[in-house]
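First the structure, in the form of structure tokens, and then the observations on it.
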Amino acid sequence: MHTHDCEPTLTDRQVIEFCREGFLTLEGAVEAGVTDRAIEYCHAHPEDRELSVLLEEDWFVDGILLAPAVAGAVRSLLGAGFGLSPFVANHIGECPDPDPLGWHVDGGNVHTFALNYLQVFCLPQDTTVEMGPTEILPGSHFLLGQSALVSRYGAIRGTRMCTGPAGTVYITCYPIWHRRYRATATDCTRHLFKYNYYRNSPPRRDWVVEDSFDPAHHTDDFNHLNAGGLLMRRNFLDSYDAAHMYMWLCGREEEFRYVGGTAWPAPRGNWPAHFRNYAVPPSLSGNGAVPYQPEAPPMLRHN
Ligand SMILES: O=C(O)CCC(=O)C(=O)O
Ligand SMILES: [Fe+2]
């Protein structure tokens with residue numbers, strides 16, 4: 029089985045969260061019986077950093093790659109008939125390790141508003157900060173960092189440790205900055221499964237659309253600062269980038285416009301009726317024909 033289909037489970041807000049942060053956390057997505065079996069396998073094959081043989085095993089594919097919460101999230105982000113990883117790696121991290129792998133972006137990355145590929149980390153055991161989890165920088169999928177540059181950084185404010193109970197899954201956008209954090213625990217081995225999913229169908233807004241959330245007007249969700257993040261770039265550019273990716277996922281990228289002022293998708297309060305739909309993509313505003321759609325293409329798109 030190389031492709032899969034199922035019902036999408038993410039809501040608009042969760043899809044926007046993924047666009048904004050560059051990752052989603054699914055705590056306890058994999059059942060304990062499955063992670064126990066996976067850890068037993070790791071103990072029986074302590075040198076194996078490549079676990080692709082497990083892709084032949086139903087318990088592994090159904091229990092981990094297609095665990096319902098994971099499959100539903102991947103279906104939401106990558107569309108119908110998404111593809112399953114051709115490989116699975118086990119990133120074995122010995123503890124302690126004061127000086128592990130530095131900040132980087134994985135090979136083959138490209139900075140884009142398209143989402144055709146997901147990088148996924150699954151924790152097969154309870155994973156603490158002391159064990160040297162993967163550390164990621166939320167929002168960095170839009171920062172255009174390349175490994176040769178980002179590897180010079182040490183501690184960065186606003187990072188997130190990919191810790192959690194066994195069975196927690198982190199779904200990430202491929203160009204997100206990450207590294208293994210230093211491990212201070214003694215006498216243990218951290219296991220981390222890493223694999224991918226890929227898109228096989230064009231993007232469409234066919235995830236869970238709720239009446240209570242309207243992306244035309246609830247624009248706070250696009251904004252990294254509102255979600256507790258740090259300002260890393262020009263004000264609101266994070267909102268614009270998240271909204272641009274969201275519109276790509278809706279299959280409506282051509283409707284996304286920069287207007288050069290505070291309008292959709294900038295965070296906003298309760299604006300008066302005459303401005304409410306200004307610059308809102310037509311497919312979201314629901315008012316069909318728009319007399320004029322403003323556009324101000326930036327001189328430098330990614331500053
Ligand atoms: O081991 C980790 O936590 C990170 C591994 C990683 O980034 C990689 O192998 O690409
Ligand atoms: Fe990596």
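Per our numbering, residue 29 is the first one in the sequence shown, and the count goes up by one each step.
From the three backbone atoms N, C-alpha and C, an ideal C-beta is built for every residue, glycine too.
Can you determine whether any heavy atom of ligand 1 sits closer than 7 Å to the C-beta of residue i, and answer yes or no?
i	result
L165	no
R208	yes
H119	yes
D134	yes
L129	yes
L13	Residue numbering for the chain in the displayed model covers 29 to 331; residue 13 lies beyond these limits and cannot be assessed.
T162	yes
Strictly under 8 Å for the Cβ-Cβ distance: is residue i near chain B by that measure?
i	result
R77	Protein chain content of the structure displayed is limited to a single chain, and chain B is not contained in it.
Could you spell out the range, first to last residue, of the beta strand (DSSP E) harbouring residue i?
i	result
F360	Only positions 29 to 331 of the chain appear in this structure, which leaves residue 360 out of reach.
D125	G121 to D125
A211	A211 to R218
G111	F110 to L112
L93	No beta strand (DSSP E) holds L93; DSSP gives it neither H nor E.
Excluding sequence positions up to five away, which residues of its chain have a Cβ less than 8 Å from the Cβ of residue i?
i	result
V237	T39 and D40
P128	G121, G160, R207, R208, Y209, R210 and A211
I'd like the span of the alpha helix (DSSP H) that includes residue i, first residue to last.
i	result
Y69	A60 to A72
F339	The structure shown has nothing for residue 339, since the chain only spans 29 to 331.
L177	S175 to V178
F303	A301 to R304
Y274	L265 to L277
L105	P96 to L106
L12	Coverage of the chain is limited to positions 29 through 331, which leaves residue 12 absent and any answer about it impossible.
Report, in whole angstroms, the separation of the C-beta atoms of residue i and residue j, which I expect to be a contact under 8 Å.
i	j	result
A213	C150	About 20 Å; that fails the 8 Å criterion.
G257	P161	Between P161 and G257 the Cβ distance is about 19 Å, and since that is not below 8 Å, they are no contact.
T31	F110	7 Å
Y226	L82	Going by Cβ atoms, the distance from Y226 to L82 rounds to 19 Å, so no, they are not a contact pair.
S179	W131	6 Å
V308	A244	5 Å
M327	L143	Not quite, the Cβ-Cβ distance comes to about 26 Å (not below 8 Å), so this is no contact.
C278	R207	Not really, about 32 Å apart at Cβ, beyond 8 Å.
D183	D125	A quick correction: the sequence has Ala, not Asp, at residue 183. Contact flag wrong, Cβ pair sits at about 16 Å.
A66	F51	With a Cβ gap of about 21 Å, A66 and F51 do not count as contacting.
Can you give me the Cβ contacts of residue i inside the same chain, cut-off strictly under 6 Å, excluding the 5 residues immediately before and after it?
i	result
P203	V133, N137, H139 and H169
T196	E55 and L151
S313	A244 and N305
S113	Y223 and N224
D248	N254 and P295
Residues in the same chain with beta-carbon distance under 7 Å from residue i, minus the five sequence neighbours each way, listed in chain order, please.
i	result
M189	V157, P161, E163 and Y209
L94	H32
S104	P36, T37, L38, V43 and W235
C34	A99, G100 and R103
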